[in-house]
Amino acid sequence: MSGDNFPDFDKMTPADFEKYLPDFFANGDGHVSTDPRLQTFLKNNPDCAALVRDLEAIAEHAKSLFEPTEPSDAVWSGIQDKLKLQGPEDDELPVAQTV
Amino acid sequence: MDVQGLQMTQNTPAPGVFKRNPPIAGEAEAIEAAKNGDAEAFSKLYALHKRRVYTLCLRMLGNVSEAEDMTQEAFLHLFRKIGSFRGESAFSTWLHRLTVNLVLMHLRKKGLNLVSLEETINPSEEDAPKRDFGSRDLQLTGSVDRVALERAVASLPPGYRMVFVLHDVEGFEHNEIATMLECSTGNSKSQLHKARLKLRELLRQPEQSAQPAGFNEVAV
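So the sequence lines, in the order shown, correspond to chains A and B.
FYI, the numbering for the first sequence is 1 to 99, going by our numbering.
FYI, the numbering for the second sequence is 100 to 319, going by our numbering.
And the structure:
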């Protein structure tokens, strides 16, 4: 959505804000709370400002879920077992013994 | 979906993924050796990438058992197809794409038609986030616990979780997600927003969103 489709930022209602919030996030690099066009509205609508801060916090903390987790040893064992059971056309595949 | 074609296409990598996947020492040599059937090279590639692949599966599926099965499938697929890797994108990006496509195929086989997120994986009324702003005294800012967030993400409806993980965790753009899930970018934005609203709701009511440790038996 282009900025031209947004409502008048000075006359925007909380309902308008809620409607366009996904686009505000998508168009503003995820930083709605610092969008200069929204500062007056957010100052006058603290519940909307709180919502924005919460959603930004969730998005920010989501990055921590990128931290890798170790799979169990059963995964590698399963891979080895399945490779051993391959058909003749797959016999060229090696079966690694250690990780 | 033609997984083979999708997973082996070396498109421009997702910016977020690419930035998070710098070249790994010894990886290039291991790839070339693995192409020639070197078993130890396969072992090395597994050791280098197992955690990223497994974590991606776990986040997307929200279930340890399924995540381990899909990790296994991803590496079996990798072992069979590594000869087609031409190095036009980072190996980790290529493997990441392969894994995402396998998980999406798995979900489709389970009956989740991701072609139309609007009609098939939108949550029921009770799963949908409540449309209220909430009170300010329950702000989450600065106090989102990682474990609580993991559990909340695992308990999201599948459509919400998929878009949230791909965008907020894995760093894909909405247009990339739309291509992967065969939906509109607007739908991707909408699903992401609803996912965040639902997470906010869950995180503000931790006693109601609590799941057994390890994401076991979360409906997908």
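Ideal Cβ positions, reconstructed from N, Cα and C, are used throughout, including at glycine.
Inter-residue spacing [alpha-carbon to alpha-carbon] between residue i and residue j
i: PHE178 of chain B; j: LEU206 of chain B; result: 22 Å
i: LEU194 of chain B; j: ASP244 of chain B; result: 30 Å
i: GLY28 of chain A; j: ARG260 of chain B; result: 22 Å
i: CYS282 of chain B; j: ALA62 of chain A; result: 23 Å
i: PRO257 of chain B; j: LYS82 of chain A; result: 29 Å
i: PRO22 of chain A; j: TYR153 of chain B; result: 30 Å
i: CYS48 of chain A; j: LEU291 of chain B; result: 18 Å
i: ARG235 of chain B; j: ARG53 of chain A; result: Low confidence applies to ARG235 of chain B: its pLDDT is 47, below 50, so where it sits in the model is not reliable enough to give any reading.
i: GLU218 of chain B; j: ASN286 of chain B; result: At GLU218 of chain B the pLDDT is 37, less than 50, meaning the model places this residue with poor confidence; the figure from the coordinates comes in the next sentence. Cα to Cα, GLU218 of chain B sits roughly 11 Å from ASN286 of chain B.
i: ARG196 of chain B; j: VAL75 of chain A; result: 20 Å
i: GLY78 of chain A; j: THR278 of chain B; result: 32 Å
i: ASN44 of chain A; j: MET12 of chain A; result: 11 Å
i: HIS31 of chain A; j: GLN39 of chain A; result: 12 Å
i: PRO46 of chain A; j: GLU18 of chain A; result: 13 Å
i: ASP10 of chain A; j: ASP16 of chain A; result: 11 Å
i: LEU160 of chain B; j: ASN135 of chain B; result: 33 Å
i: GLU67 of chain A; j: LEU42 of chain A; result: 33 Å
i: GLU56 of chain A; j: SER188 of chain B; result: 31 Å
i: ASP73 of chain A; j: ASP168 of chain B; result: 12 Å
i: ALA50 of chain A; j: GLY186 of chain B; result: 46 Å
i: GLY210 of chain B; j: GLU272 of chain B; result: 26 Å
i: LEU80 of chain A; j: GLU300 of chain B; result: The identity of residue 80 of chain A in the sequence shown is Gln, whereas the question assumes Leu. Rounded to whole angstroms, GLN80 of chain A to GLU300 of chain B spans 43 Å at the Cα level.
i: ASN5 of chain A; j: THR69 of chain A; result: 42 Å
i: LEU65 of chain A; j: VAL262 of chain B; result: 14 Å
i: ILE276 of chain B; j: GLU269 of chain B; result: 11 Å
i: LYS84 of chain A; j: HIS176 of chain B; result: 14 Å
i: GLY125 of chain B; j: GLN304 of chain B; result: 46 Å
i: VAL246 of chain B; j: VAL264 of chain B; result: 15 Å
i: ILE181 of chain B; j: TYR145 of chain B; result: 12 Å
Helix, strand or coil at residue i [DSSP, three-state]
i: PRO36 of chain A; result: helix
i: GLU272 of chain B; result: coil
i: ILE123 of chain B; result: coil
i: ILE220 of chain B; result: Low confidence applies to ILE220 of chain B: its pLDDT is 45, below 50, so where it sits in the model is not reliable, and the reading given next is rough at best. Three-state DSSP puts ILE220 of chain B in coil, outside helix and strand.
i: LEU194 of chain B; result: helix
i: ASN5 of chain A; result: helix
i: ASP47 of chain A; result: helix
i: ASP10 of chain A; result: coil
i: GLY78 of chain A; result: helix
i: HIS31 of chain A; result: coil
i: THR69 of chain A; result: coil
i: ASP54 of chain A; result: helix
i: LEU280 of chain B; result: helix
i: ASP16 of chain A; result: helix
i: PRO257 of chain B; result: helix
i: GLN304 of chain B; result: coil
i: LEU298 of chain B; result: helix
i: ASP23 of chain A; result: helix
i: LEU85 of chain A; result: coil
i: VAL246 of chain B; result: helix
Whole-angstrom C-beta distance between residue j and residue i, which should lie under 8 Å
i: THR198 of chain B; j: PRO71 of chain A; result: Not confirmed; about 12 Å, so no contact.
i: ARG295 of chain B; j: ALA59 of chain A; result: 7 Å
i: LEU255 of chain B; j: LEU298 of chain B; result: 7 Å
i: ALA129 of chain B; j: LYS149 of chain B; result: Actually they are not in contact, since the Cβ atoms of ALA129 of chain B and LYS149 of chain B sit about 13 Å apart, beyond 8 Å.
i: LEU155 of chain B; j: ILE123 of chain B; result: Contact doesn't hold; Cβ gap of about 17 Å is too wide.
i: TYR20 of chain A; j: PRO7 of chain A; result: 7 Å
i: ALA127 of chain B; j: ALA140 of chain B; result: Not really, about 11 Å apart at Cβ, beyond 8 Å.
i: ARG151 of chain B; j: SER191 of chain B; result: 7 Å
i: ALA173 of chain B; j: LEU201 of chain B; result: 6 Å
beta-carbon residue i near the ligand NAD non-hydrogen atom, thresh 7 Å
i: GLU281 of chain B; result: Among the components of this structure there are no ligands whatsoever, and the ligand NAD is therefore not found.
Alpha helix (DSSP H) runs wholly inside the segment 135-210 of chain B, at least 4 long, in chain order: Taken in chain order, the unbroken stretches of alpha helix (DSSP H) that lie wholly in the segment 135-210 of chain B and span 4 residues or more are 138-160, 163-180, 190-208.
Next item on the list: Give, in chain order, every residue of the segment 11-31 of chain A whose Cβ lies closer than 9 Å to some Cβ of chain D.
Entry: Looking at the structure shown, chain D is missing, and the protein chains on hand are A and B.
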